[in-house]
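Student: Let me begin by handing over the structure; questions about it come next.
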Amino acid sequence: MPATTTPVEDYLASLPDNQRAVLEPVRDTVRKNLPKGYEELMQGKFITYVIPRSRYPKTYNGQPLQYAALAAQKNYYTLYLMVPYGDEKELAQLQDGFRKAGKKLDMGKSCIRFKKLDDLPLDVIGESVARTSVDDYIRGYESVKRK
Numbered sequence: 002m003p004a005t006t007t008p009v010e011d012y013l014a015s016l017p018d019n020q021r022a023v024l025e026p027v028r029d030t031v032r033k034n035l036p037k038g039y040e041e042l043m044q045g046k047f048i049t050y051v052i053p054r055s056r057y058p059k060t061y062n063g064q065p066l067q068y069a070a071l072a073a074q075k076n077y078y079t080l081y082l083m084v085p086y087g088d089e090k091e092l093a094q095l096q097d098g099f100r101k102a103g104k105k106l107d108m109g110k111s112c113i114r115f116k117k118l119d120d121l122p123l124d125v126i127g128e129s130v131a132r133t134s135v136d137d138y139i140r141g142y143e144s145v146k147r148k
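The sequence shown begins at 2 in the working numbering and counts up by one.
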């Protein structure tokens with residue numbers, strides 16, 4: 002029987018070795034710390050971690066509710082973490098974790114930009130990913146949606 006690959010594995014295999022060497026450890030960190038109920042899939046050129054529509058179909062755009070995403074850009078990499086974007090306490094924990102690790106946090110709204118693997122404190126990323134269950138994320142999403 003021939004070996005099969007997932008779309009995420011196909012995406013990673015399509016990247017140059019130097020990009021794959023950066024994304025794979027970040028992906029491994031996210032997957033290792035991802036609470037039960039989230040799923041990994043490809044959306045465009047992003048590896049995304051979502052709440053599947055079978056669990057939460059009422060999204061504003063009809064797409065699975067995104068929790069995190071990872072991608073290689075032209076000149077840098079991006080890791081999107083949705084919870085720190087919408088939760089001041091979580092953002093402060095992420096900022097504090099970077100500071101304590103001696104790393105510079107280059108972050109837009111939900112996007113952490115980094116040029117090399119050493120720019121990320123993977124333990125801090127793992128802790129951030131691990132902190133929000135699917136149920137908690139849905140509650141937070143719905144509380145913002147009602148405003």
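All C-beta atoms in this analysis are idealised placements derived from N, C-alpha and C, irrespective of residue type, glycine included.
Are the beta-carbon atoms of Val-27 and Leu-106 separated by less than 8 Å?
Tutor: no
Student: Taking the alpha-carbon positions, what's the Ala-64 to Pro-36 distance?
Tutor: Reading the sequence as shown, one finds Gln at residue 64 and not Ala. Taking the straight line from one Cα to the other gives about 20 Å.
Student: Can you tell which of Tyr-138, Asp-124, Asp-137, Ser-144 has its C-alpha closest to the C-alpha of Arg-32?
Tutor: Asp-124
Student: Would you grab the beta carbon distance between Leu-66 and Tyr-142 for me? Rounded to a whole angstrom, and I think it's under 8 Å.
Tutor: 6 Å
Student: What is the DSSP secondary structure of Thr-49, reduced to helix, strand or coil?
Tutor: strand
Student: Under three-state DSSP, which class holds Met-2?
Tutor: Because the pLDDT at Met-2 is just 41, under 50, the model does not fix this residue reliably, and the value given afterwards should be weighed accordingly. Coil.
Student: In terms of residues, what are the limits of the alpha helix (DSSP H) holding Ala-131?
Tutor: Here the alpha helix (DSSP H) through Ala-131 covers 123-131.
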